[in-house]
Structure formats: C-alpha cells, structure tokens
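Residue numbers (my numbering), protein chains in the order written: chain L, 42 to 325; chain B, 105 to 521. Just below is one structure, and these are the notes that go with it.
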Amino acid sequence: MALPKYTEPHYRIWHYFYLFVCTCVFFFLIAPLFVIFPLSFNAEEFLSFSDGMKRLDPDAFSLRWYKDMVYGTKNPWGLAAKNSFIIAIFATLGSVLLGTVAALGLSSRHMPYKGLIMATLISPMIVPLIISGVAIFFFMAKAGLAATHTGIVLAHIILGTPFVVITVTATLSGFDHSVTRAASSLGSDPVNTFMKITLPLILPGVISGGLFAFVTSFDEVVVVLFLAGLENTTIPIQMWTGLREQLSPTILAVATCLIILSTLILVTAELLRRRSERLRGINR
Amino acid sequence: MSSQTQKILTTDGTPLEVSLKKAERKNKIKAFLLVAPLLFFLLITYIFPIGDMLLRSVDDKMVTEMLPKTFKSMEKWDGKELPPEEVFESFYLDFSKLVDEKREGKLSTQLNYTKNGFKSIIKKLRRKSKNFEEGNYKDQIMAVHKRWADVEYWKAIKRRAPPITYQKYLKGIDMYQNESGNIVSVSEDRRIHRILWLRTLEVAFFVTLLCFLMAYPIAHLLATLPMKYSNLLMICVLLPFWTSLLVRTASWMILLQQQGIVNDFFVFTGLVADDARPEMMYNKTGTYVAMTQILLPFMVLPLYSVMKTISPSLMRAGKSLGGTPFIAFWKIYFPLTIPGIGAGCLLVFILAIGYYITPALVGGASGTLISNQIAFHMKSTLDWSFASAMGLMLLTGVLAIYWVYNKLVGIDNIKLG
Numbered sequence: 042m043a044l045p046k047y048t049e050p051h052y053r054i055w056h057y058f059y060l061f062v063c064t065c066v067f068f069f070l071i072a073p074l075f076v077i078f079p080l081s082f083n084a085e086e087f088l089s090f091s092d093g094m095k096r097l098d099p100d101a102f103s104l105r106w107y108k109d110m111v112y113g114t115k116n117p118w119g120l121a122a123k124n125s126f127i128i129a130i131f132a133t134l135g136s137v138l139l140g141t142v143a144a145l146g147l148s149s150r151h152m153p154y155k156g157l158i159m160a161t162l163i164s165p166m167i168v169p170l171i172i173s174g175v176a177i178f179f180f181m182a183k184a185g186l187a188a189t190h191t192g193i194v195l196a197h198i199i200l201g202t203p204f205v206v207i208t209v210t211a212t213l214s215g216f217d218h219s220v221t222r223a224a225s226s227l228g229s230d231p232v233n234t235f236m237k238i239t240l241p242l243i244l245p246g247v248i249s250g251g252l253f254a255f256v257t258s259f260d261e262v263v264v265v266l267f268l269a270g271l272e273n274t275t276i277p278i279q280m281w282t283g284l285r286e287q288l289s290p291t292i293l294a295v296a297t298c299l300i301i302l303s304t305l306i307l308v309t310a311e312l313l314r315r316r317s318e319r320l321r322g323i324n325r
Numbered sequence: 105m106s107s108q109t110q111k112i113l114t115t116d117g118t119p120l121e122v123s124l125k126k127a128e129r130k131n132k133i134k135a136f137l138l139v140a141p142l143l144f145f146l147l148i149t150y151i152f153p154i155g156d157m158l159l160r161s162v163d164d165k166m167v168t169e170m171l172p173k174t175f176k177s178m179e180k181w182d183g184k185e186l187p188p189e190e191v192f193e194s195f196y197l198d199f200s201k202l203v204d205e206k207r208e209g210k211l212s213t214q215l216n217y218t219k220n221g222f223k224s225i226i227k228k229l230r231r232k233s234k235n236f237e238e239g240n241y242k243d244q245i246m247a248v249h250k251r252w253a254d255v256e257y258w259k260a261i262k263r264r265a266p267p268i269t270y271q272k273y274l275k276g277i278d279m280y281q282n283e284s285g286n287i288v289s290v291s292e293d294r295r296i297h298r299i300l301w302l303r304t305l306e307v308a309f310f311v312t313l314l315c316f317l318m319a320y321p322i323a324h325l326l327a328t329l330p331m332k333y334s335n336l337l338m339i340c341v342l343l344p345f346w347t348s349l350l351v352r353t354a355s356w357m358i359l360l361q362q363q364g365i366v367n368d369f370f371v372f373t374g375l376v377a378d379d380a381r382p383e384m385m386y387n388k389t390g391t392y393v394a395m396t397q398i399l400l401p402f403m404v405l406p407l408y409s410v411m412k413t414i415s416p417s418l419m420r421a422g423k424s425l426g427g428t429p430f431i432a433f434w435k436i437y438f439p440l441t442i443p444g445i446g447a448g449c450l451l452v453f454i455l456a457i458g459y460y461i462t463p464a465l466v467g468g469a470s471g472t473l474i475s476n477q478i479a480f481h482m483k484s485t486l487d488w489s490f491a492s493a494m495g496l497m498l499l500t501g502v503l504a505i506y507w508v509y510n511k512l513v514g515i516d517n518i519k520l521g
C-alpha cells in the first residue's frame, strides 16, 4: 500500500488517517478475544488483572480454573461437553446428508419451482432465531421430544441444513455434468457415479457446509434454551447460566478452550476454501 | 402439407414429442425426489409449527368452550341493557358445571384479562351459588354482588364469545378493545411494548450503521492489499466470526465492567476520575458495543467479496481522466460496492432485530429488545399465545424487509463469504 512519490500532502494525511482507522477497527474486532487468555490463568478469583499479573509475577498465574473445569466438585462441564459433542456430531451428519441430497436435486435444471423450494429450504437461516426457537419448541412439545437429545438434534438439523444447501449448491454451480454422463455411458449406476465421481469433486463444499452446521449446533443457545432439560445441558447453556449468575474464571477457562477449537475450525475451513477455489480454477 | 401430419417416431414407434415429455417428467420427478426428504422434514418440523404459532396467537377457544350455553343465549341479546333471564340461567348452568369440574378459577383468570374485577365476584358467586334456588336466576345472581348487576361486566363476557381473537396483537402494540368495542391505547405509563419495538428498531439501525462505517474501510483495505498481508488480516475478521457468541459476549462483560480494562484505561488516561467510573454494561451502551463487534464480520465479508471483484484500473482510469481521488471514489468505486453494502446491511439488520443472547447478558433493563420479551413470555409467564403473536409480528417485519430488499437489490447477491 505504498503511496506514489508524487502524492499531494493532504492525500498523504488522509491515507495515514485511513490506515489508522483500519488499525483501530481490527483492534476492536480481535482484541476482546485476547483478554480472555491471560485472565483464565489468573490465580485469584477476580476477573481483572491483579497487580501480580501486571508485574508478570509467575505466582500470580495458575492453572486452578482449568483444574476446576475438569475436576470441579459440581462440574457441569463434563456432561455439557459430552452432550454438546454428541448433539453437534449427529446434527452435522443429519444436516450434511439431507442438505447434500437436496442440493443435488436443486442443482438439476429439471427442478420445478426452484425459487420457492430454495426459499423454503434456507428459511431457517433467515428467520430470526427467537422465532425459530418458539416454532420448533411447539413442534417438539407436541411430538413429545422436548428435553430429549433427539429433539435438540432435530432442531439443530433444521438450523444447520441451510448452510449445507448453500455451500453445496455453490460448489455444484461450477460442476461439469458431462463427467457424470460419461460415467453413466460407461455403465456405472447412479449411486456408484455419485460415490466415485460427484462426491469427491464436491467434497470441499460438503465439508465446509458441514463445518458451518457443526459450529451452528455447537454454538446454538436460543433454541436449546427452550428445549433442554437438566439432562441435555450443553456448553453454551452452561456458559449462559454462568454468565447470568456470576462470571467466574472457570468460564474463561472454558472460553479459552472454545477459542482454540474455533481457531482449528477456522484453519480447516480456510484450507478447504482455498482447495476448492484451486479446483474450480479461480486463481488470484 | 404432409410433413405436419407425419410425426417423427422413435425406434419403438412412439412419437418423439411424447417420449421427450416422458423423459422430461421422469427427470423432474427424480430431481424432486432428491429434494423431497429435506423439504418434507422442514415442512413438518418448521414451516407448519410457524403456522401453528399463528393459530395459537389468535386462539381464544378456552372461554368459548367454558360457557357454551351462555354464549348461545347471548346471541339474541342486543347488549344495551342487562341480559334477559334466559342468559342468566344458562350462565348459571355453565358455571355450576365449571365448579363441579373445579375449572372456575381458569374462567376468572381469563375474564379478568378482559375486565378487571371478575376475580372477586366469581369467587363470591361460587360460594353463594351452592344455595341457589331453582328459577329466577337473574335476581339471585345480581344479589351476589353489585357488579353482577352492572351491564358492563356482561358486555365483557360477551366480548369473549368468538373463538378467535386479535387481542394479543393489540396487546403487542399496547392497545386494547375497551368496553364500547373501540380500540384504544393503554395508559401512558404502561406502554412497554411500543418502547421495546422502537428500541429494537433503533438498536438494529444504529448497529447496522456502526457496522457499515467500520466495515467499509477494512473491507477496502483487505480487498486492495497484496494477498499475503490480506490473508493475515482476514484472520482478524474470521476468528471472531467462528468463535462462540457466548465467548465474545463474556469477553465484553470482562472489558466493560466497572473495574474492567476499558474503565481502567479511561482512569489511566485521566478521562474519568477513579471514583466516577461510568457504568458501561447493563445498559444500552453495552448492547451497542457488544452487538457491533459481534455482527461486524457479517458486514465485512459481503463487502469484501464485492470489492474483490472491482478492478483497480477503474479507479486509475477515473483519476487519469482528471478526477480527484475523492471524486473517483465517489463516482466509480462507491456505486460498484452497493450490492455488497445492501447484502451486509440486510444481514446485520435482520440479525440485530432478532438478537437475544447478547442484550439479555449485557443489556440490563434498558438494553433489552423485543426478542427478550418474547423469551420472557415463553419461559416465565407461559403466555405462549402472546409470545407467538409478537414473534409473528417480528417475522412479518423481517419478511417485509426481505421483500423491499429483493425489489431494490435482488436477493441473489447474498454470499456467505
């Protein structure tokens, strides 16, 4: 972003002002996340930096809140983590399965009422969550699935499929259908063609849709608040209760773990995106 | 013309046109069968329940079913003076049945919603009605309490006759139907819902505006920097995007608390005195700051994906033709980014208008929004029909915004980054 030598002074000033504003915004975006790291190692019970921490005194840091997270007496986090992972994994599998198959149908040029059906399929993404929560709760209550894992998994499939549908249809939009026709003409049946030809080609889209679905489920709290009983508590629910009652450093330890998890997901998603762009021949 | 009558046939003798249509139909069915599982799943678990919300929000069968005979005999009553003996008699019959089933408490709660003062007179009627003699119920009921001889209370009962009601919608905008059937506003000190609707709109609008003002420069920077720098900076946008909402809200709670880092910084720089640390959380400030940071990536990503496609030579051409950088930006660059601005603003506005978690945690009493009210009625007062009514009002608003957006910009321009 170097300025040419002939730039007039007031544009030069404007340019540095612009860079300054950008720096501030980036700081605003990312800095709050980094507050959590040091405070989760606080030896004290307070949620502000102690004098010892400011002096970088090693005694002021400890792992006690991480120990509390894992071995704590009441320890809701173990159950919550287990539930969260079980629910998110099944919800992701369900979303990916239903979403990918639907995206295959939607990408067919023979599909009737494409616009209307697409709007219906992605509606859970565009309707405010609180309304989805109320509607899904009414259904689950009637079906007797409130406060069950099945109910929450189904709810998260509803919320997760739009992401899979969108990413997979986007991948399929650049898909060369002559390869599947070639496979069929060589005697492959449709299932075999899908497994051997189509799926490997659209896999990056499927996986990134799945990641979206996983994060949606793993992070979802509004709908679970309506649906969950004591047995189905999840990490977001525990954090929500914790934050409402009292902000404890244990929550920060959990938050740190979640940030590490989201970093891993971010890296995977980025690698996949680049791979799919390379495959689609978008060179930048 | 022989060619018109001579149809082209396929090898098995059917006309080509027919077999083509057959193949087309087969393909259509095939495509539909692929979509069908998800479509039916969503229809059953999601779309129909939203319709169910509509039914719940207008459902008022409870009182209709509790007083069937009364409402039947009330049909002939003109509602001007006290109803005839026939109405009193059927009311007594309905009421004794309710007392036998121990359901008169529900009736009194329901009627009290319509008009205050029913609770006590129904309690009194239950006690006295045990000793009622047959015949002349009108005088006996009216003797229980003077309100039973007041025509306004009978009118209030009659208003509950229809099995559907739009009362909940009126309540959602702080209005109600008064004794004479006119729709009026509730007294000024009780207009909580209007305040909440306005506040929701205000917060959504300003959060969108703040997000736009902050996202535009950084999206521009990301789109114009060389790849290796912009990839690094992109992490600053994507990491918050992928991080749990609750983690980000928690970090704002730490930052904004009275002994928090932001306040420490203000004291350190001498902006405020140590004993006069401003309250930045549990009010609207907290809601604004936290929501802006949380929703910012949703503005940056669509803007970035549009700006990425704008060729830098356009700006150079503008400048070489004599425009100052500002004019070149305003006349060339800015109009090209409008689809991105539209998509980003739509996304952020819609997300903000239905926001629940962050306002509930950092908003306090003055920073909560309409969604918090919906959740409150779902979980605490259990007035599900009212929660449904408000939810549908919100949904109507959201759909209206989509409709306008689709007319102005076109909905297809939305990308997921």
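All residues carry an ideal CB built from backbone N, CA and C; glycine is no exception. Please read these numbers as outputs of a predicted model, since none were measured by experiment.
Taking all protein chains shown into account, do 16 or more other C-beta atoms lie within 10 angstroms of the C-beta of residue i, making it buried, or fewer, making it exposed?
{"i": "B:A135", "result": "buried"}
{"i": "L:P277", "result": "buried"}
{"i": "B:Q363", "result": "exposed"}
{"i": "B:A377", "result": "exposed"}
{"i": "L:C65", "result": "exposed"}
{"i": "L:Y47", "result": "exposed"}
{"i": "B:S330", "result": "For the record, residue 330 of chain B in the displayed sequence is Pro; it is not Ser. That one is exposed."}
{"i": "B:M385", "result": "buried"}
{"i": "B:E193", "result": "buried"}
{"i": "L:V168", "result": "buried"}
{"i": "L:M236", "result": "exposed"}
Taking 7 Å as the cut-off, decide whether the C-beta atoms of residue i and residue j are in contact.
{"i": "L:V137", "j": "L:V205", "result": "yes"}
{"i": "B:I226", "j": "B:H249", "result": "no"}
{"i": "L:R316", "j": "L:P245", "result": "yes"}
{"i": "B:V167", "j": "B:Q214", "result": "yes"}
{"i": "B:V341", "j": "B:P401", "result": "yes"}
{"i": "B:I474", "j": "B:T304", "result": "yes"}
{"i": "L:G201", "j": "L:S258", "result": "yes"}
{"i": "L:I172", "j": "B:L499", "result": "yes"}
{"i": "B:I478", "j": "B:A491", "result": "yes"}
{"i": "B:M170", "j": "B:C315", "result": "no"}
{"i": "L:V295", "j": "L:M110", "result": "yes"}
Could you give the C-beta distance for residue i and residue j, rounded to a whole number, given that I count them as a contact under 8 Å?
{"i": "B:L146", "j": "L:L284", "result": "So it is not a contact: roughly 32 Å between Cβ atoms."}
{"i": "B:S355", "j": "L:P153", "result": "At roughly 48 Å, the Cβ-Cβ gap does not stay under 8 Å, so B:S355 and L:P153 are not in contact."}
{"i": "L:V194", "j": "L:A132", "result": "5 Å"}
{"i": "B:A432", "j": "B:G422", "result": "3 Å"}
Do you know how far the Cα of residue j is from the Cα of residue i?
{"i": "L:T161", "j": "B:L143", "result": "8 Å"}
{"i": "B:K435", "j": "B:G446", "result": "18 Å"}
{"i": "B:A319", "j": "L:W55", "result": "18 Å"}
{"i": "B:K259", "j": "B:K232", "result": "22 Å"}
{"i": "B:L229", "j": "B:G221", "result": "13 Å"}
{"i": "L:A211", "j": "B:S424", "result": "38 Å"}
{"i": "L:R53", "j": "B:L325", "result": "16 Å"}
{"i": "B:E208", "j": "B:L202", "result": "5 Å"}
{"i": "B:T472", "j": "L:A224", "result": "58 Å"}
{"i": "B:P266", "j": "B:D182", "result": "16 Å"}
{"i": "L:T304", "j": "B:L486", "result": "40 Å"}
{"i": "B:S95", "j": "L:V264", "result": "Because chain B is modelled from 105 through 521, residue 95 of chain B falls outside the range shown and cannot be assessed."}
{"i": "B:K272", "j": "L:K123", "result": "41 Å"}
{"i": "B:I461", "j": "L:H51", "result": "45 Å"}
{"i": "L:L227", "j": "L:I198", "result": "37 Å"}
{"i": "B:M497", "j": "B:L455", "result": "16 Å"}
{"i": "B:A140", "j": "L:M159", "result": "12 Å"}
Taking C-beta pairs closer than 8 Å, name the residues in chain B that residue i reaches, listed in chain order.
{"i": "L:V247", "result": "Within 8 Å Cβ-Cβ: nothing; L:V247 doesn't reach chain B, min ~14 Å."}
{"i": "L:M236", "result": "Under the 8 Å cutoff, chain B gives no residues; its nearest Cβ is about 15 Å from L:M236."}
Which bits of chain L does residue i rub up against, with CB to CB less than 7 Å?
{"i": "B:C340", "result": "F67, L70, I71"}
{"i": "B:G364", "result": "S89"}
{"i": "B:Q281", "result": "Within 7 Å Cβ-Cβ: nothing; B:Q281 doesn't reach chain L, min ~25 Å."}
{"i": "B:P429", "result": "Y52"}
What does residue i touch in chain B if you count any residue whose Cβ is under 9 Å from its own?
{"i": "L:R285", "result": "A464, L465"}
{"i": "L:P277", "result": "S348, L349, L350, I461"}
Using a Cβ cut-off of 9 Å, pull out every chain L residue sitting near residue i, in sequence order please.
{"i": "B:K132", "result": "S149, H151, M152, P153"}
List the residues of chain B that residue i touches, going by C-beta distances under 7 Å, in chain order.
{"i": "L:F180", "result": "T149, P153"}
I want to check one thing, is the minimum distance from the CB of residue i to the heavy atoms of the ligand HEM below 6 Å?
{"i": "L:I198", "result": "With respect to the ligand HEM, the structure shown offers nothing to examine, as it has no ligands at all."}
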